[in-house]
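The sequence shown runs 1 to 707 under full-length UniProt numbering.
In this text, a Cβ means the ideal position worked out from N, Cα and C, and glycines have one as well.
In this text, all values refer to a predicted model and were calculated from it rather than measured experimentally.
Single-structure report; data block below.
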Amino acid sequence: MLSCSLLPGLSFAAEVEDDNKNLPSNKQSSKKLSNKNLPFDVRIIIDISGSMRQTDPNNLRIPALNLLLELMPEGAQAGIWTFGRYVNNLVPVAEVDDQWRGQAKQAAIKITSLGLKTNLTGALNDAAWGLKADSGFQQSIILLTDGKVDMAGNNDPEGEKVNSLERQKLMAEVLQKYRDAGASVHTLALSDLADKNLLQQIALETDGLYSQAENAEELMKAFLRAFDRAVPVEQVPMEDNTFVIDGSIDEFTALIFKRAGSGQETALLTPEGGRFTELDHPENVRWHKDIGFDLITIKQPDAGTWVAEADLDPSNRVTILSALALTVEGIPTTIFPGDKLDVEIKLTNEGQVVEKVEILRLTDMTMKVITASGREGSKVLSDPENPPTDGIYREGLYRLKELGSYQIDVIAEGRTFQRKRSFAMTMIQPVEINHNADEEKGVYRIEVKSLSDNLDIERSRVIAKIKSPDENTIIQSVVYDPQVQAWVSEIEPSKGAGEYSVALNVRGITQSGKNFKVKPEPIVFNLPIISAESSEAELAERVDEAVVSEAAIDPAASGSVAESIVEPMEEIPSAETAEPESELNESLVEESVEEVVLDEATASDAIADVEEIDEGLAWWIYLILVLVNVAVIGAGVWWFMFRKVNTLVDAQTSMDKDETLADLESLEEDFAGDFDSLDEGDEEEIPQMSGSDTSSAGSTGSLDTSP
């Protein structure tokens, strides 16, 4: 069984290698992947301020840190900092090996919650020591905090000014060191008390990942998401704690989480029927057990199906070391509402893209997306009848709307191997959009306000695409109002009464020159604005107009009708006969106030009552009413068609007086294609792939909208 499982994997690797050796030398060099094989430099910064006693009462920061220490690859270098008021380099930067791990774990025991302040600026400044663009490392920082920049003295009247200056120093000076070195800062907010806007800006400025743990129990998995961005890893799929190892895998590491209070002891069942435990395993197995997890690393593992006897947890996973890898590009750490992602996926062997059609036809490529609320959906990207000619699967990902953390999994399943890559990304909105009806002015007011003082107001802009009830569209630049510190647009009912829609396009530039674009969902509202006070008066006016209009048809006839209805009814002594009059009067009052049109049955009953009173007058009165209604409807249809023809080509664009024609063209380009491809449905989907013959076609998949 072992030899049968091992040989196909070796044969596959050999086939790929031989196939690429036959390529011309220039083609081989063009297929080399970008140099991402540099060792890693990972620096971990942990908040030890006093507030951590509430947010992390059980000090779960220590086992979470131990997990990262165990996952740190050989050949990397790493260091640890803690901060409260003062910054402490708990573990100096050094090469990672077993000795370093042991020292780091001993030092981690000193992590407490005794700090008096939150010197976030100082911590990031100190941790930047030695970072540079040509360091020869892939450099990342993982920052954990539950608070805000706080360096002001107690009861200091200038406290807010002190903290504001600290934040400015952080954004303008300290982060520049990371940008110059090409180092990413992955920020982790523990609880809602953290300054989420600031942490999002830090991540955005350095191409890092922002994530949030609602409580200390989520801390370990949040740390893991950040670590996976700092140190990307290859995985094999794991379902129901079962996974398959092929012959090309040199080593695997199984991370098995344990539920709090669970008595389940973790064990691994081998393809040959063996059983490994923490206390009973061979020499090629390294087993680390800690609070909440087991981490098992096996070198030169047997090929075949492995099973973990443990609690089922969706975060359980198996990472591997193998020459055969799955490479995914185009999934950023931070996205914004309206972003469109172009993802490229390829299998590589010894760094070379696998193009062999025979292999790709037997490989199923799937993308799975899990949204911030837990909804998920998947799509098959591969087509055995039409594999990509260059070995690259291309897919567009858009219509993601939910703010928060996303997970994207890409899985390749061949006949003799399985590979998986998992990516965390976060959708943020660095601006706040408020909108409401201004009854006093009779307009609908929209405000776009930055959530950070790091935005360059002069270079940023907001444009609006306004759709009016007559289906015409106006594109206009939204003016910044320094008094309210927001871009403000006030929509008037200039195109008549009805439904208006405003689609915003926010182009932001930070003080450092970092660009972002936000395109939120359109804002839909009705104009003109009718206040609560004026509504009753307007309804009463409409009732009066209706009465006058009815009387104006034929004053004389109207008077005789009234007399013919009222006088005979006064002469009828029967209570049964008088009751319908009362009901009819009540229904007429309700109709006037609520503007409810009587249904057919009710109208028939009312007419029947009138005809019983005076059949001789009713028929021609109602004939007049019908003719008047037909005339009104006909006039309305004529007016609508006339207006439609005259406004069909009325493409209007409202601009500031000092803006030029070039500005107009630029604004139109901003919206070109941005809104035509978006559906109005609530479903978030991975769309049908389109492209040239170099792309593989796949079946359409959509995210399940069920909870």
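Per DSSP, the bridge partner or partners of residue i
i	result
Phe-243	Trp-306
Val-380	Thr-366
Met-190	Reading the sequence as shown, one finds Leu at residue 190 and not Met. Paired residues: Ala-213.
Tyr-393	Ile-345
Arg-419	Ala-412
Arg-445	Asn-436, Glu-490
Thr-334	Thr-426
Asp-41	Gln-77, Gln-139
Lys-289	Asp-294
Ser-477	Ile-463
Test item: CB-CB of residue i and residue j under 8 Å
i	j	result
Ile-298	Phe-336	no
Phe-40	Val-231	yes
Ser-378	Asp-364	no
Gln-235	Arg-421	yes
Asp-294	Thr-319	no
Ile-428	Thr-334	yes
Glu-395	Met-367	yes
Val-502	Glu-447	no
Ile-457	Ile-475	no
Leu-175	Ile-202	yes
Val-307	Thr-242	yes
Ile-245	Leu-124	no
Leu-38	Phe-137	yes
Ala-323	Glu-358	no
Thr-118	Ser-211	no
Val-91	Gln-77	no
Ile-256	Asn-197	no
Val-149	Glu-166	yes
Leu-188	Leu-224	no
Lys-514	Glu-205	yes
Asn-66	Ala-108	yes
Lys-441	Glu-499	no
Ser-460	Pro-430	no
Leu-360	Gly-330	no
Three-state class that DSSP yields for residue i in the structure shown
i	result
Val-257	The identity of residue 257 in the sequence shown is Phe, whereas the question assumes Val. Phe-257 falls in the strand class under three-state DSSP.
Lys-657	Because Lys-657 sits at a pLDDT of 40, beneath the cut-off of 50, its placement in the model cannot be relied upon, and the following sentence gives the value as read from the coordinates. Three-state DSSP puts Lys-657 in coil, outside helix and strand.
Tyr-178	helix
Ile-48	coil
Ala-562	Low confidence applies to Ala-562: its pLDDT is 35, below 50, so where it sits in the model is not reliable, and the reading given next is rough at best. DSSP places Ala-562 in helix when its eight states are reduced to three.
Ile-359	helix
Lys-169	helix
Gln-235	strand
Lys-340	coil
Gln-54	helix
Ser-452	coil
Ser-489	strand
Ser-25	Unreliable positioning characterises Ser-25 in this predicted model, as indicated by a pLDDT of 35, which lies under 50. A coordinate reading is not provided.
Gly-79	strand
Gln-483	coil
Ala-325	strand
Ser-164	helix
Asp-98	helix
Ser-512	coil
Residue span of the alpha helix (DSSP H) that contains residue i, given as start and end
i	result
Asn-197	196-205
Asn-66	61-71
Met-220	219-230
Limits of the beta strand (DSSP E) - the one that residue i falls within
i	result
residue 712	The structure shown has nothing for residue 712, since the chain only spans 1 to 707.
Ile-320	317-322
Gln-429	Per DSSP, Gln-429 belongs to no beta strand (DSSP E) and is neither H nor E.
Lys-517	515-518
Leu-400	Taken as a continuous stretch (DSSP letters only), Leu-400 belongs to no beta strand (DSSP E), as it is neither H nor E.
Pro-92	87-95
Leu-504	498-509
Arg-461	461-467
Asp-294	293-299
Ile-523	523-527
beta-carbon residue i near the ligand FMN non-hydrogen atom, thresh 7 Å
i	result
Asn-241	The ligand FMN is not part of this structure, which contains no ligands at all.
Interface flag, residue i vs chain D, CB-CB below 8 Å
i	result
Ala-108	Among the protein chains of the structure shown there is no chain D, as only one such chain exists.
What beta strand (DSSP E) runs, 3 residues minimum, are completely inside the region 107-159? Positions of the beta strand (DSSP E) runs, each at least 3 residues long and wholly inside the region 107-159, are given as 138-145 in order along the chain.
Beta strand (DSSP E) runs wholly inside the region 258-286, at least 3 long, in chain order: Whole beta strand (DSSP E) segments, 3+ residues: 267-269, 275-277.
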